[in-house]
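Sequence positions in the sequence shown follow mature numbering (1 follows the signal peptide of the UniProt record, and there is no 0) and run -21 to -1, 1 to 251. Some notes on the structure that comes next.
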Amino acid sequence: MKSFLTVLLSAIFAISLCVMQHNKEMTFADGYNGASLENSETVSINFVRKEDNEIMINGGMPEYSDKIDLANSCANVAGAILLGYYDKTYDELIENFSAARVIRDKILYSKQTEAVDEVMAELYTTMKTNVTEGGTTIGNFKAGLKEYVNGQGRNISYSQVVSNQSLNFNTYESAIAQEKPVVLFCSKYSLVSLQAFDAEYGTEQFVMQHYTGNHVVIGYGIRTITYYDAAGRVLRQLDLLAVATGYSFNPFGYIVLDDYGTLIDGYKVNIY
């Protein structure tokens, strides 16, 4: 009887542990592990012809990074980037700061100042970063950014573009066409420089940096490159998301949609 009770209690404990782990919400943090470079891979594609199509938000995103050494702060930086983007329309979003100037339809973003740093620090609190685990949950990111935006007298809405860890290309492209940035929650990702993919024919060579861990980036464009051989057969297609990373060393780049990384979730963000 004692042996039976021991086995029963062990089984109950194991089931409870599984449920707890299943219900535990994923957190996202660059200082935690999101900026860990696993390896770099040089890719070469020999081709005769390529088709290159892209759609981008005019002017891209502001270049912000964590300059105040807050631990696990990628979600807060991503939130500040969104606020900086919309601050060019609603100047009250970041106090004592003008995020951008528009000259002949060209958007020139201002450099990051203490005003932006203070917003990141406030988002660190409203997003409950590091309260229960290292980083920020998706739910706390959305709620914390909403709390801040509402506090500045504005509203915010989120429209899902990633479901079941799969990007809805049409919804994402529609968001970009509407000049609405997309917050993306990644688990591992491959990053390529914006200066890559400049070969017109022959050989396309570029470096993919493979990162481990969870990270939050802001999508502001999409680019699809299709490579063909002499017979017109497709050799390879690259689907690339232009993103603001929040890193000081690689502030912008392309995330490659491949088998290495996973998009956990993503939302079009509209502040109005």
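Yeah, the Cβ is synthetic: ideal placement off N, Cα and C, and Gly gets one too.
| task | Can you check the stretch 36 to 71 for any alpha helix (DSSP H) of at least 4 residues that lies completely inside it and give the ranges in chain order? | result | 53 to 66
| query | In angstroms, rounded to a whole number, what distance separates the CA positions of residue 88 and residue 151? | reply | To locate residue 88, count along the sequence shown from 1; it is residue 109. To locate residue 151, count along the sequence shown from 1; it is residue 172. Cα to Cα, the separation comes out at about 24 Å.
| request: Measure how close the beta-carbons of residue 67 and residue 59 come, nearest whole angstrom, since I'm counting them as under 8 Å. | output: One-based indexing of the sequence shown puts residue 67 at position 88. One-based indexing of the sequence shown puts residue 59 at position 80. Between residue 59 and residue 67 the Cβ distance is about 14 Å, and since that is not below 8 Å, they are no contact.
| Beta-carbon proximity list for residue -13, same chain, < 8 Å, skipping 5 on both sides | Counting from one through the sequence shown, the residue named residue -13 turns up at place 9. For residue -13, the predicted model reports a pLDDT of 44, less than 50, meaning its position is unreliable and no value from the coordinates is stated.
| field | Counterpart residues of residue 247 in DSSP-defined beta bridges | value | Taking the sequence shown and counting its residues from 1, one reaches residue 247 at position 268. Answer is 138 and 161.
| task | Pull up the distance between the alpha-carbon of residue 176 and that of residue 132, whole angstroms please. | result | Working through the sequence shown from its first residue, we reach residue 176 at position 197. Working through the sequence shown from its first residue, we reach residue 132 at position 153. Those two C-alpha atoms are separated by around 43 Å.
| Which residue's Cα is closest to the Cα of residue 84: 70, 39 and 71? | Stepping through the sequence shown from its first residue, residue 84 is reached at position 105. Nearest of 70, 39 and 71 to residue 84, Cα basis: 39.
| said: Suppose the cutoff is 7 Å on Cβ atoms and the five residues either side in sequence are ignored; what does the same chain contact list for residue 62 look like? | reply: Taking the first residue of the sequence shown as 1, we reach residue 62 at position 83. So the qualifying residues of the chain are 72, 73 and 98.
| field | Minimum length 4: unbroken alpha helix (DSSP H) runs contained in the stretch 147 to 194 | value | 148 to 156
| request: Compute the Euclidean distance between the alpha carbons of residue 31 and residue 22, then round it to the nearest angstrom. | output: For the purposes of this step, residue 31 is taken as residue 52 along the sequence shown, with counting starting at 1. For the purposes of this step, residue 22 is taken as residue 43 along the sequence shown, with counting starting at 1. About 18 Å.
| message | Applying the 10 Å Cβ sphere with the 16-neighbour rule, what's the burial state of residue 82? | response | One-based indexing of the sequence shown puts residue 82 at position 103. That one is exposed.
| Residue environment, residue 90, which counts as buried when at least 16 other CB atoms sit within 10 Å | In the sequence shown, residue 90 corresponds to position 111, counting from 1. It is exposed - the Cβ of residue 90 has fewer than 16 other Cβ atoms within 10 Å.
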